[in-house]
Structure formats: structure tokens, C-alpha cells
Amino acid sequence: MRDAKYDILFEPLAIGPHVAKNRLYQVPHCNGGGYRDPSAAAAMRGIKSEGGWGVIFTEQTEMHHTSEITPFIELRLWEDKDIPGLRRMSDAMKVHGALAGIQLAYSGINGPNFYTKEVPLAPSALPIRTFTNDPVQARALDLTDIRNLRRWFVNAAKRSKMAGFDLICLYGAHGFGIFQHFLSRATNQRTDEYGGSLENRSRFAREVVADIRDAVGDTTAITMRVSLDETIGELGFSNAEVREFVEMNADLPDLWDLAHGAWEDCSGPSRFKEEGAQELLVRGIRELSSRPVVGVGRFTSPDVMARMIRQGVLDFIGCARPSIADPFLPKKIEEGRIEDIRECIGCNMCITGDMTMSISRCTQNPTFMEEWRKGWHPERMNEKGESQTVLVVGAGPAGLEATRALSLRGYDVTLAEATTALGGRVARERLLPGLSAWGRVVDYRQYQISQRTNVETYFDSRLTAEDVLGFGFEHVAIATGSHWRRDGVARQHVMPMPVDPAMTVWTPDDVMAKVHPENLAGKTVVVYDDDHYYMGGVMAEVMAKAGANVILVTPSAYVSDWTRNTLEQGAIHVRLDDLGVDIRLNRGVTAIRAGEVETNCTYTGRKTAIGCDAVVMVASRLAEDALYNALLARQADWADAGIKTVKIIGDASAPAPIAWATYAGHRYARELDTPDIGDALPFRREVTQLEPA
């Protein structure tokens with residue numbers, strides 16, 4: 125049973141006409157499914173209801189066709205046709221007693237309307253503010269437009285009620301919602317009754333809340349999500365003005381939902397944001413209103429959660445990413461199983477689903493968004509098949525997850541690791557600057573495996589094909605990982621580039637093994653990043669902290685380009701600039717010679733030499749597939765050895781981010797001993813219904 129110190133997390137609390145059964149509140153979050161995958165999104169929310177959350181929200185729901193954010197895939201509530209899909213979601217949310225919430229969004233200055241081709245509307249006529257700097261401007265809402273917009277919100281609220289939602293969240297945070305656009309002087313430059321003073325800038329919010337309350341307020345609670353600080357100085361909606369706004373409109377919504385300014389601030393990765401990082405911004409706001417307050421901060425520790433409520437900072441603990449990593453977090457606290465919580469590592473891989481318009485992934489929880497598509501449950505495995513024994517070779521993220529999941533299915537699993545530690549690449553990368561939280565990938569799985577009597581682990585076990593054939597296991601999973609290339613093959617070079625042996629060249633593997641001198645003062649190191657995820661920036665940081673004069677060269681227009689999808693690219697650039705790293709964008713490396721690196725402009729091809737003492741090559745990775753290939757070469761011997769299948773998984777199959785590896789391990793465990801589906805799809809999908817021709 126739960127520890128009494130967490131009792132406060134399970135005290136019921138009213139939100140308008142409804143009562144939440146506990147203080148654990150899944151705030152709105154994206155998932156990459158939206159209107160395209162309604163059943164997948166509904167099942168994902170339903171799993172959270174089973175996991176014990178008191179309040180569960182949808183993601184951003186576009187409430188009118190005049191404001192949408194294509195190409196991003198969110199929910200839509202444009203007409204009555206959208207109600208059934210949303211009803212499926214609200215029903216799933218409420219099965220286990222959670223309150224079901226919908227977040228209504230009118231994107232205003234953030235909505236380019238590429239799909240509907242409508243002219244964007246915003247408080248003031250300004251360029252659309254999107255991640256891709258779309259060359260579109262918004263027209264300023266006139267008074268007739270504002271009256272129409274108020275009516276549209278009422279229509280959306282009525283549809284929300286018809287769709288079965290208990291709570292309606294009015295979105296005014298992260299720069300994405302029209303309410304923030306009215307409240308901020310940066311986006312509201314009006315001179316009429318909706319602009320100027322804070323009272324005037326608050327007018328639209330007051331009117332919409334009053335309108336919705338008149339329409340559905342007897343049965344539906346209204347929450348308002350506002351930014352804690354736009355972090356753009358006095359011109360924006362500052363923390364001081366947020367407090368003034370809440371005090372001025374103390375009882376406006378039934379609950380205040382408080383989130384930090386830009387999405388990058390609110391959902392900052394663990395490299396740059398600690399748990400509860402927004403506490404100072406939110407502390408004291410609860411005292412300004414009689415309404416309850418929910419706040420966020422990538423909460424993973426029940427002790428921190430309980431303290432936030434006990435000290436009166438928050439009434440509800442808002443979780444997005446932690447609810448993805450472990451949908452059963454509330455139930456595990458309630459049942460006294462704290463050690464079983466699958467803690468969020470703050471890698472923001474979940475967010476990349478939204479940013480890349482694809483089904484989201486979670487590094488810690490490979491079942492995320494596969495609950496309906498594949499029938500995967502985060503806490504339960506399918507029944508064991510006819511076989512009994514499995515050998516997993518390699519204890520990196522793929523091997524660990526395969527071992528954990530296979531053991532839960534009931535297989536006898538032997539895990540063979542070539543080194544003296546579990547974790548593979550994660551065991552090394554967790555020691556790099558800012559990546560310590562990523563070690564939870566290993567910690568969680570190591571503990572879970574330690575509790576299983578049907579798992580045996582062997583270290584210092586670098587196996588040969590002959591070894592594997594002699595063991596007698598029925599199934600063999602090869603999860604031997606990968607290593608970084610030192611020949612430059614990646615995107616710029618599909619063949620090895622010229623590298624003079626006289627130049628010192630380190631790969632990230634060398635750096636993590638500390639092959640380089642601890643003190644590089646007086647040395648110039650070129651970091652060549654053609655990988656474009658986090659590693660190039662991290663390598664530059666390591667070299668700079670060792671005292672080197674660091675020059676980072678990348679063919680991209682951004683440092684660590686792909687981290688724009690994890691909302692950390694800007695923070696990486698700032699950190700490297702603060703460390704004195706010389707950042708050279710749009711430049712490749714064409715040759716490495718003794719004492720210098722030859723670079724070229726990615727557009728003109730013009731070449732420039734950079735004198736240096738060493739190069740860190742962050743290119744691509746090579747799969748460690750020698751054991752797999754050796755076993756394939758002896759496939760004729762498998763039957764005599766008792767082997768039914770040999771499969772390669774994770775980085776050993778195709779190097780990718782850690783989330784790909786945990787997914788591969790989990791999929792292997794799920795699909796072992798299952799019927800061959802032939803050419804059928806390995807997941808379910810929904811196909812758009814055709815209207816009459």
C-alpha cells in the first residue's frame with residue numbers, strides 16, 4: 125500500500141461542477157496522431173485512465189476552420205462530424221473514473237491555415253509566428269470578427285459537451301493560443317477596448333469564459349491555460365503581469381493551468397531543465413485566487429509532487445511527458461510501487477512525433493501510441509508461446525528491453541554482455557554533460573530484470589557463433605549495438621573521405637572512453653558534425669570544457685539540426701556560444717590532413733583550411749553485426765543446435781536514437797512465437813471515409 129506521505133496526492137478536489145478523484149492531472153499533450161489516428165489517440169488516453177490519473181486531457185484541438193496549424197497534426201472540432209471521434213476519446217478517459225478534458229485552441233498568430241486557405245485572424249496584423257517562419261501574415265480581428273470568434277468558441281464548447289467532456293481548457297500558453305495573443309503586448313497592439321491596459325487585454329478572455337459559462341457552465345468546468353512568462357522582456361506577458369491578470373480575474377475560470385512561456389521553455393529537455401524548474405514562476409499565484417491551480421515541471425518524483433501540494437504551491441500536479449513514460453504512475457504511487465515507476469528521461473522524443481507529423485515515440489515506454497495500433501499494454505505482455513528459452517546477446521537498450529519483456533511473457537532468458545556493465549551505449553552516454561537522466565533507461569530495466577527469477581545475466585561474455593550454437597537456446601536475439609565511424613561516411617560523404625593518419629582523429633566512442641587528454645588547453649580541436657542530432661554539440665561541449673579552442677563545423681544551417689524537433693536546438697547553440705565554441709554553419713569537411721582540416725561551403729563549394737591539432741568525427745555509425753552474419757553463414761547448423769530463430773535488433777540492425785532500440789527490443793519480445801502474418805500490415809490504421817462522389 126502507499127506511503128502515508130503521499131496521501132495528499134489522492135485527496136479529491138472540485139473543479140467547477142466536477143470532482144477530480146486525485147491530484148494527478150495529465151495536462152494536454154501532443155502525440156502525432158490527432159485527427160489522422162483518432163482510435164490510437166483515444167486508446168492511449170484510455171490507458172492513462174486505467175493507470176489512475178484523476179484528470180486526462182486531449183491535445184490541442186483546433187476549434188474552428190479559420191485557424192489551423194497544418195502541417196502539424198492535432199485534433200479538430202470544426203463540425204459535428206468531429207464529435208464521434210472525440211466521443212470515443214472522452215469515453216475511454218472516463219472508464220476508470222478520470223475527468224475528461226478537451227483543450228480548445230484558436231491559433232491566431234500561430235495558425236498559417238495552409239489546409240483551409242483561410243486568411244489568418246489575430247488581435248493585430250503581424251506575420252504568422254511558426255517554427256518554419258511561414259511567409260504569411262494575419263489580418264487584425266475587427267469587432268465583428270471578435271463577436272464571431274466568441275460565437276465559435278460557444279459552438280465548440282457545445283460540441284465538447286456533446287462529445288462527453290467534463291472540462292474545457294481555453295488555450296493561452298506557449299505562444300500558440302489566441303488568449304495569450306490578446307494578453308501579450310507583443311501580439312496585441314490594438315488601440316480599442318481590447319488593447320492597451322491589462323484590463324482591456326483581458327476583455328476577450330472574460331467575454332469568452334462568460335459566454336461558455338452561459339452555454340454549458342452548469343455541467344462543464346472551464347480551465348484556462350496561460351503562460352507564466354513569455355520571457356521576452358517587458359514587451360511580452362511577463363510573470364509580474366501574469367500575477368496581476370490572475371488577481372484581477374481571480375475567479376474567472378474554474379481552474380488556472382499555468383505553463384512556462386514558449387514551448388521550448390515549458391517542455392525543456394533534461395539537459396537544460398531540472399524537475400520542477402517552473403516552481404519559482406508559479407509560487408504564490410495560488411494565493412491570488414480561490415480557484416485551484418495546476419502547474420507542470422516534468423515531475424517524476426512523488427516526493428516533489430507531494431511537497432508542491434503540501435507547501436501550497438500547486439493544487440494539482442500537471443504531467444505530460446511523465447504520463448507518457450509511465451501511464452500507470454498514479455497507480456504505482458497508490459500501490460506503494462515507487463521503484464516500478466518508469467521515469468521520464470526528458471529526452472523529448474515524444475515531442476518529435478508532433479514536430480515530424482508522425483506517430484510519437486517514447487524512449488522509456490515503447491508501447492506509447494501502440495495501445496490500439498498493435499494492442500500493446502504498458503504493464504501487461506501477451507501470453508508466452510510454445511518455446512521456452514531465449515538468448516539475448518548484448519545488454520544495451522534493445523537487449524535490456526527485450527530481456528525484461530520476454531521474462532514477463534514467461535520465457536527463460538539468458539542475457540550475455542561482452543563488458544562488465546549493463547546499458548551499452550546508454551551506460552557511456554549517461555556520463556556526458558547533461559545526459560545523466562538518460563541513465564534511467566538502464567536503471568529501470570536493470571531493477572525490473574533483477575526481480576525476475578527467469579533471467580540469468582552473464583558479463584565478460586563476448587560470444588562467437590560457435591559459442592551460440594553450442595548453448596542450445598531455441599531463440600537468439602542479437603543486440604550487439606554499433607560504433608561510430610572515423611572515416612567521415614554519413615550524409616556529406618557516402619564514401620570515406622581522405623584522412624591523413626598523421627592527424628589525430630577521435631570518434632565519440634574515443635571521447636567517451638577518455639582516449640583524449642584531460643587537459644586540452646592551447647590545442648585547437650575541430651568537431652565535424654554530420655550526424656545532426658545531439659552528439660555533435662555534446663562533443664563540442666566536452667572538448668571546450670577540457671580547455672580546447674573548439675571549432676564546430678557542420679554542413680547544416682543549425683548546430684545539432686535535428687534537435688529542433690526536441691525543442692533544444694536553441695539552448696544547445698547558446699550553451700556552445702557561452703563556452704566560446706566557434707560555430708561554422710553550412711560548411712562541410714572535404715579532407716583531413718596533417719595539421720589542418722579542409723572545409724567547403726555547402727552551396728558554393730569554396731574551400732578553406734582550418735589549422736588544428738585534432739578532429740572529433742561525428743559522422744554515422746556502423747552496426748556491430750559480425751556475430752549475426754556469422755550465425756547466418758551457419759544457418760544449416762541451427763536445427764542440430766536446437767535453434768529455431770536468430771534475429772538482429774536495435775542498433776546492431778540499424779543505428780538510430782535510443783527510442784528506436786527500446787522499441788525494437790519490445791517488439792521482438794511481443795512477436796516471438798506469434799503467427800507469421802505474411803504481407804499483412806503489422807499494425808491497425810484508420811482510413812478516411814469517402815463522402816458520396
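Residue numbers (the numbering used here): 125 to 817. Here a beta-carbon is modelled for each residue, glycine too, at the ideal position from N, C-alpha and C.
Exercise for the section: List the endpoints of the continuous alpha helix (DSSP H) containing Ile475. Expected result: Start at 1 with the first residue of the sequence shown, and residue 475 comes out as number 351. That run of the alpha helix (DSSP H) goes 473-479.
Problem - Leu700 beta carbon less than 8 Å from that of Ala672 - result: Taking the sequence shown and counting its residues from 1, the one referred to as residue 672 is at position 548. Taking the sequence shown and counting its residues from 1, the one referred to as residue 700 is at position 576. No, the pair does not count as a contact, with Cβ atoms beyond the cut-off.
Handout entry: Unbroken alpha helix (DSSP H) run spanning Met372, endpoints
Key = Walking along the sequence shown from the start, residue 372 turns up at place 248. Taken as a continuous stretch (DSSP letters only), the alpha helix (DSSP H) holding Met372 covers 363-372.
Practice task
Quick one: residues in its chain with C-beta nearer than 6 Å to the C-beta of Glu371, no 5 flanking neighbours on either side, listed in chain order?
Solution key: As a first step, residue 371 must be located in the sequence shown, where it is residue number 247. So the list reads Leu412, once near-sequence residues are dropped.
Practice task
Identify, in the order they occur along the chain, each residue of the same chain with its Cβ nearer than 7 Å to the Cβ of Ile457, setting aside the five sequence neighbours on each side.
Solution key: Taking the first residue of the sequence shown as 1, we reach residue 457 at position 333. Here the set comprises Arg126, Tyr130, Leu133, Pro426.
Problem - Local conformation of His599 per DSSP, three classes - result: As a first step, residue 599 is located in the sequence shown; it is residue number 475 there, counting from the start. Looking at His599 - three-state DSSP - the assignment turns out to be strand.
Practice task
Starting from the C-beta of Ala216, find all residues in its chain whose C-beta is less than 8 Å away, skip the five residues before and the five after it, and write them out in chain order.
Solution key: For the purposes of this step, residue 216 is identified with residue 92 of the sequence shown, where counting begins at 1. Hits under 8 Å: Ala166, Ala167, Arg169, Gly170, Ser173.
Exercise for the section: Have a look at Thr798 and His697 and give me their C-alpha separation to the nearest angstrom. Expected result: Here residue 798 is taken as the residue at index 674 of the sequence shown, counted from 1. Here residue 697 is taken as the residue at index 573 of the sequence shown, counted from 1. So the alpha carbons of these two residues sit roughly 47 Å apart.
Exercise for the section: Measure the Cβ-Cβ separation of Ala144 and Val179 and say whether it is below 8 Å. Expected result: Counted from its first residue, the sequence shown places residue 144 at position 20. Counted from its first residue, the sequence shown places residue 179 at position 55. Yes, the Cβ-Cβ distance between Ala144 and Val179 is below 8 Å.
Problem - Three-state secondary structure (DSSP) of Gln759 - result: Here residue 759 corresponds to residue number 635 of the sequence shown, with the count starting at 1. Helix, per DSSP.
Practice task
Could you name the residues that DSSP lists as bridge partners for Leu379?
Solution key: Walking along the sequence shown from the start, residue 379 turns up at place 255. Leu379 is bridged to Thr347.
Problem - Continuous alpha helix (DSSP H) stretch holding Glu748: start and end - result: To locate residue 748, count along the sequence shown from 1; it is residue 624. No alpha helix (DSSP H) contains Glu748, which DSSP labels as neither H nor E.
Handout entry: Of the listed residues Gly694, Arg791, Glu403, nearest to Leu438 (C-alpha basis)
Key = Your numbering for residue 438 matches position 314 in the sequence shown. If we check each option's Cα against that of Leu438, Glu403 comes out closest.
Problem - Alpha carbon of Ala738 to alpha carbon of Gly774, nearest angstrom - result: Within the sequence shown, numbered from 1, the residue matching residue 738 stands at position 614. Within the sequence shown, numbered from 1, the residue matching residue 774 stands at position 650. Approximately 31 Å, taken between the alpha carbons.
Handout entry: Ser777 beta carbon less than 8 Å from that of Asp655
Key = The sequence position of residue 655 within the sequence shown is 531, counting from 1. The sequence position of residue 777 within the sequence shown is 653, counting from 1. Going by C-beta atoms, Asp655 is not nearer than 8 Å to Ser777.
Handout entry: Cβ-Cβ separation, Arg586 to Ala542 (assumed contact under 8 Å), whole Å
Key = Within the sequence shown, residue 542 is the residue found at index 418, counting from 1. Within the sequence shown, residue 586 is the residue found at index 462, counting from 1. Yes, they are in contact, since the Cβ atoms of Ala542 and Arg586 sit about 4 Å apart, within 8 Å.
Practice task
Examine the Cβ distances between the region 492-501 and the region 570-589 and report whether three or more of them are shorter than 8 Å.
Solution key: no
Exercise for the section: May I ask you to verify whether the region 244-253 touches the region 308-319, counting CB pairs closer than 8 Å and requiring at least 3? Expected result: yes
Exercise for the section: Compute the beta-carbon to beta-carbon distance between Ile707 and Val721, rounded to the nearest angstrom, for a pair I have assumed lies under 8 Å. Expected result: The residue you call residue 707 lines up with position 583 of the sequence shown. The residue you call residue 721 lines up with position 597 of the sequence shown. Rounded, the Cβ-Cβ distance is 15 Å, inconsistent with contact.
Practice task
Please specify which runs of the alpha helix (DSSP H), each continuous and at least 4 residues long, are wholly inside the region 136-212, giving them in chain order.
Solution key: DSSP runs (the alpha helix (DSSP H)) wholly in the region 136-212: 162-174.
Exercise for the section: Take the Cβ of Asp378 as the centre, count every other Cβ of all protein chains shown within 10 Å, and call the residue buried at 16 or more, exposed below. Expected result: The count along the sequence shown starts at 1 and reaches residue 378 at position 254. Buried, since its Cβ has 16 or more Cβ neighbours within 10 Å.
Handout entry: Reference Ala281, options Ser606, Gly225, Val428, Ala128, closest by Cα
Key = Position 157 of the sequence shown, counting from 1, holds the residue named residue 281. Comparing Cα-Cα distances from Ala281 to each of Ser606, Gly225, Val428, Ala128, the minimum goes to Gly225.
Handout entry: Residue interval of the alpha helix (DSSP H) (run including Val566)
Key = The count along the sequence shown starts at 1 and reaches residue 566 at position 442. Unbroken alpha helix (DSSP H) run through Val566: 564-574.
Problem - For Thr487, the three-state DSSP class (helix, strand or coil) - result: Position 363 of the sequence shown, counted from the first residue, corresponds to residue 487. Three-state DSSP puts Thr487 in coil, outside helix and strand.
Problem - Terminal residues of the alpha helix (DSSP H) in which His697 lies - result: If you number the sequence shown from 1, residue 697 lands on position 573. Residues 693-702.
Exercise for the section: Write down the C-beta distance between Ala668 and Leu703 rounded to the nearest angstrom, noting that I regard them as a contact closer than 8 Å. Expected result: Here residue 668 refers to the residue found at position 544 of the sequence shown. Here residue 703 refers to the residue found at position 579 of the sequence shown. Right, the Cβ-Cβ distance comes to about 4 Å (below 8 Å), so this counts as a contact.
Practice task
Have a look at Ala334 and Val742 and give me their C-alpha separation to the nearest angstrom.
Solution key: For the purposes of this step, residue 334 is taken as the residue at position 210 of the sequence shown. For the purposes of this step, residue 742 is taken as the residue at position 618 of the sequence shown. The alpha-carbon atoms of Ala334 and Val742 are separated by roughly 56 Å.
Problem - Spatial distance of Gly661 from Trp608 (CA atoms) - result: Taking the first residue of the sequence shown as position 1, residue 661 is located at position 537. Taking the first residue of the sequence shown as position 1, residue 608 is located at position 484. Gly661 and Trp608: Cα-Cα distance of roughly 15 Å.
Exercise for the section: Sort out for me which residues DSSP pairs Lys285 with in a bridge. Expected result: Numbered from 1 along the sequence shown, position 161 holds the residue referred to as residue 285. Lys285 pairs with nothing; no bridge assigned.
Practice task
Over the uninterrupted alpha helix (DSSP H) stretch that includes Trp784, give me the two end residues.
Solution key: Here residue 784 is taken as the residue at index 660 of the sequence shown, counted from 1. Where Trp784 is concerned, the enclosing alpha helix (DSSP H) stretches over 782-795.
Practice task
Determine which residues share a DSSP beta bridge with Tyr582 and list them.
Solution key: Residue mapping note: residue 582 aligns to position 458 of the sequence shown, counting from 1. Per DSSP, Ala540.
Exercise for the section: Jot down the residue ranges of each uninterrupted beta strand (DSSP E) in the region 648-700, minimum 3 residues, whole runs only, in chain order. Expected result: Counting only runs of 3+ residues, the beta strand (DSSP E) found wholly inside the region 648-700 occupies 648-653, 673-677, in chain order.
Practice task
Return the CA-CA distance between Glu821 and Ala637, expressed in angstroms with no decimal places.
Solution key: It is not possible to answer for residue 821, since the shown part of the chain is limited to 125 through 817.
Practice task
Would you check if the region 516-531 and the region 779-790 touch, i.e. whether three or more CB-CB distances between them fall below 8 Å?
Solution key: yes
Handout entry: Burial state of Gln693 (16 or more Cβ within 10 Å)
Key = On the sequence shown, position 569 is the one that residue 693 refers to. Answer is buried; the Cβ neighbour count reaches 16.
Handout entry: Glu399 and Val428 closer than 8 Å at C-beta
Key = Counting from 1 along the sequence shown, the entry for residue 399 is found at position 275. Counting from 1 along the sequence shown, the entry for residue 428 is found at position 304. Yes, the Cβ-Cβ distance between Glu399 and Val428 is below 8 Å.
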